[in-house]
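Visitor: Which chain is which? The protein sequence lines are U and C, in order.
No gaps in the numbering here: position 52 of the first sequence is 57 in the working numbering, and each next residue is one more.
No gaps in the numbering here: position 14 of the second sequence is 187 in the working numbering, and each next residue is one more.
Ideal Cβ placement from N, Cα and C applies to all residues, glycine included.
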Amino acid sequence: MKKILILVILLYFLALLQTSFLVHFSISGIVPNLILILIILWNLFEKSKNYFGLSNALVGGFFLDIFSNRPIGFFILILGITAVFIKFFIKNYVRIPFIERA
Amino acid sequence: MKFSSKKRRFIILIVIVVLIIVLLNLFQKEVKGFFYYISCPIQKSLWGAGDRVSDFFESFFRIKSLKKETDELKLKNQELLSQITVLQEQKEENKVLREALGIELQKEFKLALAQIISKDISQDFILIDKGLEDGISENMPVITQQRVLLGKVSEVYKNFSKVMLIFNKKSSFDATIQREKSEISGVVKGKGNFRVSFDFISQEKDISKEDIVVTSALGRIFPEGLLVGQIEKIKKSDVEPFQELEVKPFFDIKDIEGLFIITEY
Numbered sequence: 006m007k008k009i010l011i012l013v014i015l016l017y018f019l020a021l022l023q024t025s026f027l028v029h030f031s032i033s034g035i036v037p038n039l040i041l042i043l044i045i046l047w048n049l050f051e052k053s054k055n056y057f058g059l060s061n062a063l064v065g066g067f068f069l070d071i072f073s074n075r076p077i078g079f080f081i082l083i084l085g086i087t088a089v090f091i092k093f094f095i096k097n098y099v100r101i102p103f104i105e106r107a
Numbered sequence: 174m175k176f177s178s179k180k181r182r183f184i185i186l187i188v189i190v191v192l193i194i195v196l197l198n199l200f201q202k203e204v205k206g207f208f209y210y211i212s213c214p215i216q217k218s219l220w221g222a223g224d225r226v227s228d229f230f231e232s233f234f235r236i237k238s239l240k241k242e243t244d245e246l247k248l249k250n251q252e253l254l255s256q257i258t259v260l261q262e263q264k265e266e267n268k269v270l271r272e273a274l275g276i277e278l279q280k281e282f283k284l285a286l287a288q289i290i291s292k293d294i295s296q297d298f299i300l301i302d303k304g305l306e307d308g309i310s311e312n313m314p315v316i317t318q319q320r321v322l323l324g325k326v327s328e329v330y331k332n333f334s335k336v337m338l339i340f341n342k343k344s345s346f347d348a349t350i351q352r353e354k355s356e357i358s359g360v361v362k363g364k365g366n367f368r369v370s371f372d373f374i375s376q377e378k379d380i381s382k383e384d385i386v387v388t389s390a391l392g393r394i395f396p397e398g399l400l401v402g403q404i405e406k407i408k409k410s411d412v413e414p415f416q417e418l419e420v421k422p423f424f425d426i427k428d429i430e431g432l433f434i435i436t437e438y
């Protein structure tokens with residue numbers, strides 16, 4: 006429970022950082038999407054039987070939706086699909102020796 | 174058709190997520206308003222911190238070009254000072270003539286000061302700290318202190334508003350290039366990704382790179398005479414009926430400190 010709460014706060018803070026702080030460091034208008042980076046890395050290195058990465062993707066997507074002008078659900082869908090795709094791809098096609106896979 | 178318990182659980186989870194998303198969309202304004210309200214103090218300090226840190230680093234990177242820029246600005250300043258003196262004389266003359274003819278001076282705008290809280294993740298929108306309670310309503314023009322047009326209010330919350338910047342693909346309005354004897358009218362359109370074009374200018378019109386684009390009252394979207402930008406790229410083609418003009422807006426979202434919403438004009 007504590008872990009979930011910390012992650013929700015972290016994702017919320019990353020969304021704030023991205024929309025208010027990193028805007029000042031954009032290169033030709035491009036700002037790094039911190040939540041997307043975190044979700045990709047999390048799902049890449051998570052054991053395939055765990056679904057924490059997927060729930061993180063949904064929460065992260067929710068925060069991105071809140072701070073964007075799109076309807077709620079747009080980024081939830083994009084990040085959700087990204088997480089599922091990474092999990093599926095890694096489970097079926099990739100073997101990384103130093104990462105334990107279930 | 175039989176589902177295993179794992180699949181059933183997965184389907185139930187998807188249904189719950191979809192239901193939550195539908196519900197959140199029904200109360201989208203309230204949900205977003207709540208998050209903007211609790212995030213506002215943190216976002217304001219983050220915006221300020223970002224501004225200061227980027228200014229600090231920029232000074233390092235631009236130290237070489239700064240001297241050249243200062244010299245250019247000094248020269249430009251001299252030029253503008255001489256223009257101001259001429260314009261002041263004309264203003265006085267204009268005032269006397271208006272009084273003589275009985276024409277009222279153009280009314281000044283009624284403004285509301287606002288601060289940027291955040292910029293949209295993917296599109297050209299910004300969030301500002303004024304909303305319904307401050308008398309803000311949709312489609313009100315938003316400008317900088319230098320009368321540079323930023324965009325218009327597109328969504329209003331209780332204490333916040335979303336501003337659609339002129340870069341946005343949905344943004345289009347009438348504008349002109351002021352000349353001494355004539356004016357060239359066209360339509361300014363957002364191209365996304367910080368680009369703006371000036372369309373519907375026929376091939377025979379003579380446009381130069383230094384030309385300044387200002388808003389016109391034709392479409393009644395924005396008041397007349399707000400600065401939009403300077404012509405940056407000109408592309409002429411014999412096949413096309415119109416010229417392809419790209420405008421460089423006069424503002425950079427990173428450098429804006431305070432902005433104004435025109436509540437009445």
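(1) Under 8 Å Cβ-Cβ, which residues of chain U neighbour C:G223?
(2) How about U:A107: is its C-beta nearer than 9 Å to some C-beta of chain C?
(3) DSSP three-state call for C:V412: helix, strand or coil?
(4) Decide if C:D425 is buried, meaning its Cβ has at least 16 other Cβ atoms within 10 Å, or exposed.
(5) So, is the C-beta of U:S33 closer than 9 Å to a C-beta in chain C?
(6) So C:K331 and C:G223 are supposed to be a Cβ contact under 8 Å. How far apart are they, rounded?
(7) Taking all protein chains shown into account, decide if C:Y210 is buried (16 or more other Cβ within 10 angstroms of its Cβ) or exposed.
(8) What does a CB cutoff of less than 6 Å around C:K362 pick up in its chain, not counting 5 residues either side in sequence?
(9) Could you pull out every unbroken beta strand (DSSP E) segment of at least 3 residues lying fully inside the stretch 296-363 of chain C, listed in chain order?
(10) Give, in chain order, every unbroken run of the alpha helix (DSSP H) that is at least 4 residues long and sits entirely within the stretch 366-398 of chain C.
(11) Could you spell out the range, first to last residue, of the alpha helix (DSSP H) harbouring U:L15?
(12) Beta-carbon separation of U:I77 and C:I404 under 9 Å?
(13) Starting from U:S73, find everything on chain C with Cβ-Cβ shorter than 9 Å and list it in chain order.
(14) Taking the straight line between their C-alpha atoms, what separation do you get for C:L246 and C:L260?
(15) Would you please verify whether the beta carbon of U:F93 is less than 9 Å from any beta carbon of chain C?
(16) If you measure from the beta carbon of C:Q261 to each beta carbon in chain U, is any gap under 9 Å?
(17) Would you check if the stretch 230-245 of chain C and the stretch 35-43 of chain U touch, i.e. whether three or more CB-CB distances between them fall below 8 Å?
(18) Can the beta-carbon of C:E306 be found less than 9 Å from the beta-carbon of C:S327?
(19) What residues in its chain sit with their C-beta under 6 Å from that of C:D297, if we drop five residues either side in the sequence?
(20) So the alpha helix (DSSP H) C:I215 belongs to, where does it begin and stop?
(21) Just to confirm, are C:I309 and C:L399 a CB contact at a threshold of 9 Å?
(22) Per DSSP, what kind of secondary structure is U:S33 in: helix, strand or coil?
(23) Helix, strand or coil for C:I404 per DSSP?
(24) Provide the residue(s) that pair with C:F433 in DSSP beta bridges, ordered along the chain.
(25) Which residues share a DSSP beta bridge with C:P441?
(26) Quick one, are the C-beta atoms of C:G359 and C:L418 less than 9 Å apart?
(27) Using the three-state DSSP reduction, which class does U:K52 fall into: helix, strand or coil?
(28) Could you pull out every residue in the same chain whose Cβ sits closer than 6 Å to the Cβ of C:I299, ignoring the five residues on either side in sequence?
(29) Could you tell me the boundaries of the alpha helix (DSSP H) in which C:Y438 lies?
(30) Would you mind working out which of C:D411, C:I301, C:K343 sits nearest C:R368, comparing C-alpha positions?
Guide: Reading it off the structure:
(1) Position 50 of the second sequence, counted from the first residue, corresponds to residue 223 of chain C. Under the 8 Å cutoff, chain U gives S25, F26, L27, V28, H29, F30.
(2) Start at 1 with the first residue of the first sequence, and residue 107 of chain U comes out as number 102. With a pLDDT of only 47 at U:A107, under the threshold of 50, the placement of this residue in the model should not be trusted, and no figure is reported.
(3) Within the second sequence, residue 412 of chain C is the residue found at index 239, counting from 1. In the structure shown, C:V412 sits in coil (DSSP, three-state: anything other than H, G, I, E or B).
(4) For the purposes of this step, residue 425 of chain C is identified with residue 252 of the second sequence, where counting begins at 1. Classification of C:D425: exposed, given that the 10 Å Cβ count is below 16.
(5) As a first step, residue 33 of chain U is located in the first sequence; it is residue number 28 there, counting from the start. True, the Cβ-Cβ gap to chain C drops below 9 Å.
(6) For the purposes of this step, residue 331 of chain C is identified with residue 158 of the second sequence, where counting begins at 1. For the purposes of this step, residue 223 of chain C is identified with residue 50 of the second sequence, where counting begins at 1. Contact flag wrong, Cβ pair sits at about 26 Å.
(7) Looking up residue 210 of chain C in the second sequence gives position 37. Classification of C:Y210: exposed, given that the 10 Å Cβ count is below 16.
(8) As a position in the second sequence, residue 362 of chain C is number 189, starting the count at 1. Same-chain partners within the cutoff: S345, S370, D372.
(9) 298-301, 314-317, 322-329, 334-338, 345-351
(10) none
(11) Here residue 15 of chain U refers to the residue found at position 10 of the first sequence. According to the DSSP assignment, U:L15 belongs to the alpha helix (DSSP H) that extends over 7-21.
(12) Position 72 of the first sequence, counting from 1, holds the residue named residue 77 of chain U. Position 231 of the second sequence, counting from 1, holds the residue named residue 404 of chain C. In this structure, U:I77 sits away from C:I404, with a CB-CB distance that is not shorter than 9 Å.
(13) Taking the first sequence and counting its residues from 1, the one referred to as residue 73 of chain U is at position 68. Correct list: D293, I294, S295, Q296, F298.
(14) Along the second sequence, read from residue 1 onward, the residue named residue 246 of chain C stands at position 73. Along the second sequence, read from residue 1 onward, the residue named residue 260 of chain C stands at position 87. Straight-line Cα distance between these residues: approximately 20 Å.
(15) For the purposes of this step, residue 93 of chain U is taken as residue 88 along the first sequence, with counting starting at 1. U:F93 does not count as touching chain C.
(16) Start at 1 with the first residue of the second sequence, and residue 261 of chain C comes out as number 88. With 9 Å as the cut-off, C:Q261 does not count as an interface residue toward chain U.
(17) The stretch 35-43 of chain U makes no contact with the stretch 230-245 of chain C; the number of CB pairs closer than 8 Å stays below 3.
(18) By one-based count along the second sequence, residue 306 of chain C stands at place 133. By one-based count along the second sequence, residue 327 of chain C stands at place 154. Cβ atoms of C:E306 and C:S327: not closer than 9 Å.
(19) The count along the second sequence starts at 1 and reaches residue 297 of chain C at position 124. Cβ within range, chain order: L338, F340, N341.
(20) By 1-based counting over the second sequence, the position of residue 215 of chain C is 42. Its alpha helix (DSSP H) spans residues 201-234.
(21) Position 136 of the second sequence, counting from 1, holds the residue named residue 309 of chain C. Position 226 of the second sequence, counting from 1, holds the residue named residue 399 of chain C. Against a cut-off of 9 Å, the Cβ pair of C:L399 and C:I309 comes out as no contact.
(22) Walking along the first sequence from the start, residue 33 of chain U turns up at place 28. Note: U:S33 maps to coil in three-state DSSP.
(23) By 1-based counting over the second sequence, the position of residue 404 of chain C is 231. DSSP places C:I404 in strand when its eight states are reduced to three.
(24) Sequence index remark: in the second sequence, residue 433 of chain C carries index 260 (1-based). According to DSSP, which records beta bridges pairwise, C:F433 is partnered with C:L286, C:I316.
(25) Only positions 174 to 438 of chain C appear in the structure, and residue 441 of chain C is not among them; the question remains open.
(26) On the second sequence, position 186 is the one that residue 359 of chain C refers to. On the second sequence, position 245 is the one that residue 418 of chain C refers to. Cβ atoms of C:G359 and C:L418: closer than 9 Å.
(27) Position 47 of the first sequence, counted from the first residue, corresponds to residue 52 of chain U. Coil, per DSSP.
(28) Taking the first residue of the second sequence as position 1, residue 299 of chain C is located at position 126. Within the same chain, C:I299 has close Cβ partners I289, K292, V336.
(29) As a working mapping, residue 438 of chain C is identified with position 265 in the second sequence. No alpha helix (DSSP H) contains C:Y438, which DSSP labels as neither H nor E.
(30) In the second sequence, counting from the first residue as 1, residue 368 of chain C sits at position 195. Checked all of C:D411, C:I301, C:K343; the closest Cα to C:R368 is C:K343.
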